[in-house]
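Under the working numbering, the first residue of the sequence shown is numbered 7, with each subsequent residue one higher.
Built from N, CA and C at the ideal position, the CB exists for glycine as well.
What follows is a single structure, written as structure tokens, with notes after it.
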Amino acid sequence: MEMAESLRKEGTELFKKGDYEGALNKYTEAIEKDPQNKVLYSNRSACYAKLNKNEEGIVDAEKAVELDPNYAKAYSRLGSFYYYTDPVKSAHYYEKALESDSSNKEYQKMVSDLKKRTQNRNDLNMAGKNGNMDIESLFNNPELMNYAKELLKNKSPEEINKMKEMFGNMMNGKQNGAQ
């Protein structure tokens, strides 16, 4: 246990310095020594998030929750993993975090933001179903534009061009009456 705690501290120092791979290795070593430690899984989950290894991070955050179903930090990590891909699931996890830490302002803000975002998405879906989608208003929606920026972050120029082409084709189809 003492060795695991020492490794955890080393991992935390490496994480603070931005050495996420090094921190990941320290947390992994610590987990080998203390496999029932929720904090180690949660911290390693944070490393995976920084390294864009979401699947692994989700597994570790879920393990932390399994070890302690009231561990707010692990629920918040799960919420952050799903923030862009599944806002409903993300809100669920932040709400679970709030159940254990009801005074946490960050969790409160995330739940509020995600509920607004989900409502905006529902509004957009309804507009599309009613045939009233106004492309100009979509581009003027700051939340949608932020979502688009996040979506395009870390994409290669080739991927971006392919997305532009698909969007252009989609828009041309709408203008020509195609469904």
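Please state whether DSSP places Leu-73 in a helix, a strand or coil.
-> If DSSP states are grouped into helix, strand and coil, Leu-73 belongs with the helices.
In chain order, what residues of the same chain have a beta carbon less than 6 Å from the beta carbon of Ala-80, not counting five sequence neighbours either side?
-> Ser-48, Ala-67, Ala-70, Val-71
Looking at the structure shown, is Gly-85 part of a helix, part of a strand, or coil, going by DSSP?
-> Three-state result, Gly-85: helix.
Which two residues bound the contiguous alpha helix (DSSP H) that contains Tyr-47?
-> 44–56
Is it buried or exposed for Met-132, if we count other Cβ within 10 angstroms and need 16 for buried?
-> Its pLDDT being 48, under 50, Met-132 is placed unreliably by the model, and nothing is read from it.
Report the option in Asn-152, Asn-110, Pro-93, Ser-106 whose CA atom is closest to the CA atom of Lys-121.
-> By alpha-carbon distance to Lys-121, the top candidate from Asn-152, Asn-110, Pro-93, Ser-106 is Pro-93.
Whole-angstrom Cβ separation of Ala-78 and Asp-107, contact assumed at under 8 Å?
-> 4 Å
Using the C-alpha atoms, what's the distance from Tyr-26 back to Asp-40?
-> 20 Å
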